[in-house]
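All remarks here apply to the structure that follows.
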Amino acid sequence: MSAPGVQEDVTGRPPVIERRLHPVTPLRRAWAPVAVLMGWAVHDPDGAQRQLTRLTTTTLLVGLGVLIPAAALYGFLSWWFTHFAVTDSELRVRTGLLFRRTAHIRLERIQAIDVTQPLLARVAGVAKLRLDVIGADKKDELAFLGAGEARALRAELLARAAGFAPETAHEVGEAPSRQMLRVPPGVLAVSLLLTAATWVWLLVAAVALPLLWTATHSLWTVLAAGIPMLGAAGASSVGRFVAEYDWTLGESPDGLRIDHGLLDRAQETVPPGRVQTVRLVEPLLWRRRGWVRVELDVAGSSNSLLLPVAPRAMAESVVARVLPGVTVPPPEAFSRPPRGARWCVPVWWRGHGLAVTDAVFASRRGLLRRGLSLVPHAKVQSVRLAQGPWQRAHGVADVHVDTGANATVTARLRPAGEAAALLHAQAERSRTGRRDALPDRWMA
Amino acid sequence: METGSPHDTGTADDAQGTPSPAPAVVPAPDDGAEPVWRALPPGLLTMRRLLLVVWLGLLTLATALVPGLLVGPAWGAFAVLPLALLLWGWVMLERNWRSWRYAERADDLLISRGVLWHEETVVPYGRMQLVEVTSGPVERHFGLASVQLHTAAAATDATIPGLDPAEAERLRDRLTELGEDRSAGL
């Protein structure tokens, strides 16, 4: 940002331009001491009162006179000693005042790039940029950059990661994005009202709180029990609405773009070939409307939602775009566990099912809330077969398929012979499936 | 003694105290044919049995002596419990040791283990991120080493314990070499 330092490279290559974060960065944790004091005061009001009366003007002034400059100095120095630079092949983040730390993040290993703007950052016109790489630390996110600068940096990083020549990378600009889907706020609101979690919490509160009141007649007990319950209900309804508001899914040559948020805005970019697994989740109350939720797993990334709610047909077409060459197998393609499985998993054994196509390993589970997990063969890291004594007695076994995003998809309760054949066939498919996969540098 | 293990391969079922060593043939990489299974060397069984005898033997002595001397000789009969556990463990360790086996195929490594809880793992060489050879102090004393394979998935549980150090190193080098040839990443 300000005062670009120039570092001469020993090998005589063009110098690496080191940059600093946005100058508002030192303020990002300014609220923390205030929050700690507030928390202490709320937690122990009597003690806080006593301490306050003991404070004299001089101690207060001395305290403020020492604390504020010390905090300001720390904030300033940590900002001053944080640099980042984009080189031909990596992003370098240099931080630390006493303990120096340099992270070199290889660009072709990028799994996703997120630009997020918390509410206050939106007011200040700044944004956080985070590179999702396997093993990347929370410390490696660039917070904060100017909003425009963050977008330009993301475009440049994606261009370099895609394999554009380094000289032209910063002129390529943002890849054009085509909107695929936008979730209307009304549909999102209805879908959240049809989510059982909120109602369960409200029901528990409605039953438990009057009981508590009749038992104790203590307002504090009722409040202490009621606030967490209502909080949970709020988080699963209002909280999700705010986070998933205006969910927009776009497609660009740089991969998927996911924009969302009412107060905190987030823009995620997932380059092609980075999605490891996709799950279609169908809660019981959504079934009449034919809605599903689509979740995805990207290695090293914390965001796991692709679509909060969408009609099934639309969701399947999105899945076909996200995982090229994959079609979601129709319900009749799934084979159920054998009848013997009902002694291993009573009733719910009927919900399990498996379908293997040329491109994908698909496993279904659940009777009320149905889930369907898809793993492209090319993403399988290892295959495991597990069989306990009870399962052996009933001639069934589980086959686990592990992917790089630490998501394991399990085909439960397969007939033992089929499971053994599946184990070897799946290993073979995952080995050959990789051959026609996209290269890491998707534009190269 | 009936071991009940379904995987008695390569280890001739001779005298119980001296299980035969693993076959020392280097398997030729075969395509699609029945894999050449290799069993673990007997050192692991010896080590585990020794540890079992040491710990449960001490426990047996303690349960026999402490109540026997403090309360009365009849109370020393409680020592039968750890003793029974010791004998049962002696048999179980061999069953478990016999169930472990691995096979290097042309494109993947197979590991099969467990009698009651049977588990079989297939790891394509191209997915290997790291091969690790470890050997703790007790293992070193018995001349043993374990080979562990890591892929990008943490759930991949591919460890071969109790190998001969030379075999562990051969396996490590071979896996690394094959992994480089077939490297596939995420």
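In order, the protein sequences belong to chains A and B.
Numbering that gives the first Met the number 0 applies: residue 0 is where the first sequence begins, and numbers increase by one.
Numbering that gives the first Met the number 0 applies: residue 0 is where the second sequence begins, and numbers increase by one.
All residues carry an ideal CB built from backbone N, CA and C; glycine is no exception.
In whole angstroms, give me the CA-to-CA distance for P20/B and I159/B. Unreliable positioning characterises P20/B in this predicted model, as indicated by a pLDDT of 43, which lies under 50. A coordinate reading is not provided.
Which residues DSSP lists as bridging R105/A, in chain order: The secondary-structure analysis by DSSP pairs R105/A across a beta bridge with E89/A.
Using the Cα positions of Y124/B and W290/A, report the straight-line distance between them to the nearest angstrom. 40 angstroms
Would V408/A pass as a contact of V395/A if the rule is Cβ separation under 8 angstroms? no
Listed by chain order, chain A residues near R126/B by CB distance under 7 angstroms: Q380 and S381
Which value, in whole angstroms, describes the spacing of the CA atoms of W198/A and G172/A? Using only the alpha carbons, I get a separation of about 47 angstroms.
Select from P41/B, V130/B, S111/B and E176/B the residue whose C-alpha is nearest the C-alpha of T120/B. S111/B
Quick one, which of D43/A, A158/A and Q50/A has its alpha-carbon nearest T268/A's? A158/A
Would you check if there are 3 or more beta carbon pairs closer than 8 angstroms linking the region 366-381 of chain A to the region 268-286 of chain A? yes
Run of the beta strand (DSSP E) containing R364/A, from where it starts to where it stops: V359 to R364
Secondary structure of E148/A, DSSP reduced to three states: helix
Check whether the Cβ of S300/A lies closer than 8 angstroms to any Cβ atom in chain B. no
Counting C-beta neighbours from all protein chains within 10 Å, is the total for M37/A 16 or more, i.e. buried, or is it exposed? If you draw a 10 Å sphere on the C-beta of M37/A, you find fewer than 16 other C-beta atoms in it, and that means exposed.
Enumerate in chain order the residues of its own chain whose CB-to-CB distance from G432/A is below 6 angstroms, with the five nearest sequence positions on each side excluded. H376 and A377
Outcome for Y73/A when other beta-carbon atoms lying within 10 angstroms are tallied against a minimum of 16: exposed
Does the region 229-241 of chain A come within contact of the region 80-91 of chain A, defined as at least 3 CB pairs closer than 8 angstroms? no
Assign P22/A to one of three DSSP states: helix, strand, or coil. coil
Pair every Cβ in the region 93-103 of chain A with every Cβ in the region 43-53 of chain A, then say whether three or more of these pairs are closer than 8 angstroms. Contact between the region 93-103 of chain A and the region 43-53 of chain A is not established, with fewer than three Cβ pairs separated by less than 8 angstroms.
Pull the bridge partners of G352/A from the DSSP assignment, please. R363/A
Is there a C-beta anywhere in chain B that falls below 8 angstroms from the one on K372/A? Here residue 372/A is Ser; the residue named in the question, Lys, does not match the sequence. Judged by the 8 angstroms Cβ criterion, S372/A is not in contact with chain B.
Cβ-based contacts, 8 angstroms cut-off: residues of the region 113-147 of chain B near chain A: L115, W116, H117, E118, E119, T120, V121, V122, P123, G125 and R126
R121/A - DSSP class collapsed to helix/strand/coil: helix
Own chain partners of I335/A with C-beta closer than 6 angstroms, once the 5 adjacent residues on each side are dropped: In the sequence on display, residue 335/A carries Arg and not Ile. The answer, listed in chain order, is G352.
Is the beta carbon of V132/B less than 8 angstroms from the beta carbon of R171/B? yes
When you compare each of A149/A, R311/A, P183/A and D296/A to Q266/A by their alpha carbons, which one comes out closest? A149/A
Would you verify that the beta carbon of I133/A is, or is not, closer than 8 angstroms to some beta carbon of chain B? yes
Find the nearest neighbour of R413/A within the set R440/A, R430/A, T402/A and R349/A, judged by alpha-carbon distance. R349/A
Does the contact criterion of 3 or more C-beta pairs under 8 angstroms hold for the region 103-119 of chain A versus the region 133-149 of chain A? yes
Which value, in whole angstroms, describes the spacing of the CA atoms of K127/A and F143/A? 5 angstroms
Contact check, T59/B vs L85/B under 8 angstroms by CB: the rounded distance? 7 angstroms
Where the alpha helix (DSSP H) containing V65/A begins and where it ends: T56 to W79
Report buried or exposed for P271/A, applying the criterion of at least 16 other Cβ atoms within 10 angstroms of its Cβ. buried
Would you say G38/A reaches chain B, if we count a Cβ-Cβ gap shorter than 8 angstroms as a contact? no
Under 8 angstroms, Cβ to Cβ, is there at least one residue of chain A near T158/B? no
Using a Cβ cut-off of 7 angstroms, pull out every chain A residue sitting near D106/B, in sequence order please. R430
Distance, T115/A Cα to M179/A Cα: 21 angstroms
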